[in-house]
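Heads up: the structure comes next, in structure tokens.
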Amino acid sequence: MRKVVLSTVILVIGQFASYACSGQELTLNFDKEDIGKAPTGWNIEATNARGEIASWKVMADLHNGQDTKVLGMTKANDDFGGTFNLCWIDSIQFKDGEIEVSFKALKGVVDQGGGPIWRVKDMNNYYIARANPLENNFRLYYVKDSSRKTLDSARVKVPANQWHVIKIVHTGEKIEGYLNGEKLLECIDDTFTEAGGIGLWTKADAVTNFDDIKLKHSK
6 MRKVVLSTVI LVIGQFASYA CSGQELTLNF DKEDIGKAPT GWNIEATNAR
56 GEIASWKVMA DLHNGQDTKV LGMTKANDDF GGTFNLCWID SIQFKDGEIE
106 VSFKALKGVV DQGGGPIWRV KDMNNYYIAR ANPLENNFRL YYVKDSSRKT
156 LDSARVKVPA NQWHVIKIVH TGEKIEGYLN GEKLLECIDD TFTEAGGIGL
206 WTKADAVTNF DDIKLKHSK
């Protein structure tokens, strides 16, 4: 196994997902993973878990008019509305730069949608950006010691069963959030200042598909 350093993005190359690396940019997808299985090397965990944690699997879907493989949930957590479902990888360490992810909210009664997590220390400490079709909003949070705090919020329509793109630009203590190319969120926060893992997040019974995680280091 060899290590490739991309400025603030550090990749340990394994079999966890397909990836394309160009210069100091990185795209992760699941095209080479087996359908019906969790992606190799990813951690499936939960914050404030009660009962059995959610199941994340690679599955077939249509994205940008093409058949592809995506990461989604085959079983959500219906036991507790305060559970945060995580699928993340710690062999990529991200600090400053851009994270972009495509997502499609499928269903959920208590909650819907989701988004990326980054600077992840463990299942109880990380940043989140998520969009919610039920609440028609887009928000930035941090989770520290299992407790979530809102950093910024915007009202916006996020139709379910459609693909959307969340992009985060994080530089030092400044965080900017974009939804489908429009900047809607901005905050200053120093809760987590060091590099951490990256991943995907949903809440409670939200069932969501994800694809094309793109990373770009800050110049």
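Each residue of the sequence shown is one higher than the last, beginning at 6 in the numbering used here.
We put the beta carbon where it would ideally sit given N, CA and C, even for glycine.
Every value quoted in this text rests on a predicted model; they were computed, and no experiment measured them.
For isoleucine 97, the enclosing beta strand (DSSP E) covers residues 89-99. Annotated three-state conformation of methionine 128 is coil, per DSSP.
For aspartate 157, the enclosing beta strand (DSSP E) stretches over residues 152-160. Take glycine 120, set aside five residues on each side of it, and the residues of its chain with a beta-carbon closer than 8 angstroms to its own are Val106, Phe108, Ile133, Ala134, Arg135, Ala136, Ile171, Leu205, Trp206, in chain order. Counting only runs of at least 3 residues, the segment 28-61 fully encloses the following beta strand (DSSP E) elements, listed from N- to C-terminal order: 30-34, 48-52. CA-to-CA, the gap between lysine 62 and histidine 222 works out to about 28 angstroms.
Between alanine 200 and aspartate 116, the C-beta gap is not smaller than 8 angstroms, which leaves the two residues out of contact. Under the criterion of beta carbons closer than 8 angstroms, asparagine 53 and threonine 88 qualify as touching, at roughly 5 angstroms.
Glycine 186 sits in coil when the DSSP states are folded into three classes, being neither helix nor strand.
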